[in-house]
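This is the structure we're talking about:
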């Protein structure tokens, strides 16, 4: 019998107790028959994505949930997001996540997203910026690409570079962009900072009087006259999952950062029409696609961004609604997957608190159902119920070995 | 008061849910009043021998349960098994676990165990092989010894050698033995591979027309005309337990691999008449011996192989029966050990699944009873009940510090 595993990661789904929900978590407040079914028939627990108290990003948490030691291999966000946006990043390239932004005549940032500039305008601006020539060093080149709205990617290739450089993005409106600084004493970090500072200077010169911005000014739209950079990163030096566990793996995700992690892990990515990474995503299309994908995979990862989005916006009731839609999606999986030969695991990549609006370091619930599993007495899938489960408390990095062991893909250590 | 500790390791006792046992584990299905007594009066938990999802061998798991970091110190199976078989292996020697096997005229292995050749025949053959002279290098020598039936040990001593070499044993019948290959680029690995390949070649020449095989052919017995090697290993570089914790330690075990680990850890080994490492072992003789051994020890390890043997054979009912015999054995301990001054811990070295027939990466139950311990509300000793215990989920490497702390043998870290 060919055993397989599906891992569903609901981004930011875990939470703390919320007054508006009668001091329940959104998971506790939601109607969630399918999640409960998975908990009832499976083994449950809580999971620290990195380690207790550490709030992870979706990049580090996904790396960990795929079995990599994120503390050792994580090498910044930029290259992962670029990869996930379809930008061709090679090992050694240093990439940044960038925004088109609006600054006033003194250079103070008024809008970090340039009024969420339309893709059409952003594409024209990015095209003009890509034509700029890097002056020095002669063997360096860059790639600048817009993805969705104000979001762009800058990737530098050439001499020996470093990710040990600071951000130019001040992180909030009302401040000037910062000069990018080397964060260590290496010549690589100094060179990287200089290249990007020079380039941003040239970008601003081009953007200032760009016809697109002249036109936007006429229509009272915020001008995209500044580029803000953050999250310098390279592709992490990791073995693909096919080598680590000898598996064929497929991922369905809309969020570029998560897609980038999956690409770095050598996972085949299936794009699904209507999967948007928003609360309005087509949940059912993703469910159908994962059932299809599993036919020629040993392991399929289904990532849903929606719960994180509403959490950052502090919307408790919407988070409950998103969870109920995810529950419907899981219902489809329970109906259409052969649970006699397939393990189904559901977790979150981190806690995103409705109250703080931030990723938090609390553990997340985890449940695994499937054949011969040591099911426990947990009847509901939520943060506090799962804490009583048979898995007790595990770490993100432990989940893949557990799933791979269940489907017979781990080698014995010793004799 | 002199505090002492007994650790009982029941090899492969943990399991998954089994249909034949009404979806219980063998531990759950067994009548086990003594195990339950230990759980009831003690503190329980689950234990990952190495880490979650990782299926350990008995060698790596025993190293971990004795408090060593197996991921760091494990150096192959061969030397441990040789040590445990009474072969004098020194640091630096590279030893292999070998089998006498039967091959046809084309060299294809027909029986990896040469019909489980009798000790008498194996001893004669091994004696002849030991007389062969290693041609080169001049400063190398070897030791070849048969242990039980087809099982033999080959140990190489001399120049700088390496354990980074592959097996000649194809692992199943119907294939030819493989050439031993260096697994890295070092001159040590290349030299080791060459020495063993040359030696195996000479072994086969001697075995082919050996009088013992001529005689076996006459009686239609499979000829032991081939030697298969696997598991290159050296003695791990570890401090003896007497140095780590300042204790006098004794072990009772029949399985050579486990005895080897104990020897490497400087543990005194007591041989017990009737202890065979099989389901027919004399459980009660082992129990009596451990009670005796504890008189002049601080720590006594009792290893029972039987549950693993029946698990590999996929025999669910027999596994239940073995567990019930182990329970009787533990009953003797409960009756004859002073539990006012002795801690008694019971665990398994790994899960061996009746369904897959393999070592699996699921955690194992652990219970510790003894004076002043923080006993919990767990009433039964099994995988799922113990998961609700006061120890929660620990790792193999944590168990010895816990036991040694209970008997006052751990030094304070800090002031």
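Chains as they are written, first to last, in our numbering: chain P, 1103 to 1517; chain U, 1103 to 1517.
A virtual CB, placed ideally from N, CA and C, is assigned to each residue, including glycine.
Distance, residue j Cα to residue i Cα
{"i": "residue 1393 (chain P)", "j": "residue 1106 (chain P)", "result": "11 Å"}
{"i": "residue 1509 (chain P)", "j": "residue 1327 (chain P)", "result": "53 Å"}
{"i": "residue 1386 (chain U)", "j": "residue 1405 (chain U)", "result": "13 Å"}
{"i": "residue 1514 (chain P)", "j": "residue 1201 (chain U)", "result": "21 Å"}
{"i": "residue 1383 (chain U)", "j": "residue 1446 (chain U)", "result": "21 Å"}
{"i": "residue 1297 (chain P)", "j": "residue 1481 (chain P)", "result": "57 Å"}
{"i": "residue 1301 (chain P)", "j": "residue 1178 (chain U)", "result": "54 Å"}
{"i": "residue 1438 (chain P)", "j": "residue 1155 (chain P)", "result": "37 Å"}
{"i": "residue 1422 (chain P)", "j": "residue 1407 (chain P)", "result": "14 Å"}
{"i": "residue 1249 (chain P)", "j": "residue 1273 (chain P)", "result": "20 Å"}
{"i": "residue 1338 (chain P)", "j": "residue 1191 (chain P)", "result": "11 Å"}
{"i": "residue 1116 (chain U)", "j": "residue 1330 (chain U)", "result": "31 Å"}
{"i": "residue 1442 (chain U)", "j": "residue 1375 (chain U)", "result": "29 Å"}
{"i": "residue 1299 (chain P)", "j": "residue 1161 (chain P)", "result": "26 Å"}
{"i": "residue 1212 (chain U)", "j": "residue 1477 (chain P)", "result": "43 Å"}
{"i": "residue 1369 (chain P)", "j": "residue 1350 (chain P)", "result": "8 Å"}
Proximity test, residue i beta-carbon vs the ligand MN heavy atom, cut-off 7 Å
{"i": "residue 1226 (chain U)", "result": "Absence of the ligand MN is noted for the structure shown, with no ligands found whatsoever."}
Bridge partner(s) assigned by DSSP for residue i
{"i": "residue 1115 (chain P)", "result": "P:1453"}
{"i": "residue 1257 (chain P)", "result": "P:1197, P:1245"}
{"i": "residue 1444 (chain P)", "result": "P:1106"}
{"i": "residue 1126 (chain U)", "result": "U:1120"}
{"i": "residue 1401 (chain P)", "result": "P:1107, P:1351"}
{"i": "residue 1158 (chain U)", "result": "P:1515"}
{"i": "residue 1284 (chain U)", "result": "U:1267"}
{"i": "residue 1370 (chain U)", "result": "U:1352"}
{"i": "residue 1494 (chain P)", "result": "P:1147"}
{"i": "residue 1202 (chain U)", "result": "U:1329"}
Which of helix, strand or coil DSSP assigns to residue i
{"i": "residue 1210 (chain U)", "result": "coil"}
{"i": "residue 1458 (chain P)", "result": "coil"}
{"i": "residue 1313 (chain P)", "result": "helix"}
{"i": "residue 1331 (chain P)", "result": "strand"}
{"i": "residue 1149 (chain P)", "result": "strand"}
{"i": "residue 1166 (chain P)", "result": "helix"}
{"i": "residue 1486 (chain U)", "result": "helix"}
{"i": "residue 1189 (chain U)", "result": "coil"}
{"i": "residue 1466 (chain P)", "result": "strand"}
{"i": "residue 1406 (chain P)", "result": "strand"}
{"i": "residue 1294 (chain U)", "result": "helix"}
{"i": "residue 1471 (chain U)", "result": "strand"}
{"i": "residue 1338 (chain U)", "result": "coil"}
{"i": "residue 1069 (chain U)", "result": "Only positions 1103 to 1517 of chain U appear in the structure, and residue 1069 (chain U) is not among them; the question remains open."}
{"i": "residue 1221 (chain U)", "result": "helix"}
{"i": "residue 1308 (chain U)", "result": "helix"}
Pair within 8 Å by beta-carbon distance, residue i and residue j
{"i": "residue 1158 (chain U)", "j": "residue 1516 (chain P)", "result": "yes"}
{"i": "residue 1346 (chain P)", "j": "residue 1169 (chain P)", "result": "yes"}
{"i": "residue 1197 (chain U)", "j": "residue 1267 (chain U)", "result": "no"}
{"i": "residue 1498 (chain P)", "j": "residue 1152 (chain P)", "result": "yes"}
{"i": "residue 1109 (chain P)", "j": "residue 1429 (chain P)", "result": "no"}
{"i": "residue 1501 (chain P)", "j": "residue 1475 (chain P)", "result": "no"}
{"i": "residue 1259 (chain P)", "j": "residue 1242 (chain P)", "result": "yes"}
{"i": "residue 1230 (chain U)", "j": "residue 1306 (chain U)", "result": "no"}
{"i": "residue 1462 (chain U)", "j": "residue 1507 (chain P)", "result": "yes"}
{"i": "residue 1367 (chain P)", "j": "residue 1343 (chain P)", "result": "yes"}
{"i": "residue 1206 (chain U)", "j": "residue 1495 (chain P)", "result": "no"}
{"i": "residue 1282 (chain U)", "j": "residue 1270 (chain U)", "result": "yes"}
{"i": "residue 1214 (chain P)", "j": "residue 1203 (chain P)", "result": "yes"}
{"i": "residue 1348 (chain P)", "j": "residue 1182 (chain P)", "result": "no"}
{"i": "residue 1216 (chain P)", "j": "residue 1135 (chain P)", "result": "no"}
{"i": "residue 1114 (chain U)", "j": "residue 1413 (chain U)", "result": "yes"}
Rounded Cβ spacing between residue i and residue j (contact assumed at less than 8 Å)
{"i": "residue 1454 (chain P)", "j": "residue 1415 (chain P)", "result": "Not quite, the Cβ-Cβ distance comes to about 10 Å (not below 8 Å), so this is no contact."}
{"i": "residue 1143 (chain P)", "j": "residue 1352 (chain P)", "result": "No, residue 1143 (chain P) and residue 1352 (chain P) are not in contact; Cβ-Cβ is about 24 Å, not under 8 Å."}
{"i": "residue 1358 (chain P)", "j": "residue 1187 (chain P)", "result": "5 Å"}
{"i": "residue 1165 (chain U)", "j": "residue 1363 (chain U)", "result": "6 Å"}
{"i": "residue 1451 (chain P)", "j": "residue 1163 (chain P)", "result": "4 Å"}
{"i": "residue 1141 (chain U)", "j": "residue 1434 (chain U)", "result": "Actually they are not in contact, since the Cβ atoms of residue 1141 (chain U) and residue 1434 (chain U) sit about 18 Å apart, beyond 8 Å."}
{"i": "residue 1518 (chain P)", "j": "residue 1333 (chain P)", "result": "Because residue 1518 (chain P) is not part of the residues shown, which for chain P are 1103 to 1517, the question remains open."}
{"i": "residue 1146 (chain U)", "j": "residue 1492 (chain U)", "result": "7 Å"}
{"i": "residue 1356 (chain U)", "j": "residue 1377 (chain U)", "result": "4 Å"}
Cβ of residue i within 8 Å of any chain B Cβ
{"i": "residue 1170 (chain U)", "result": "Structure shown: chain B not included; protein chains present are P and U."}
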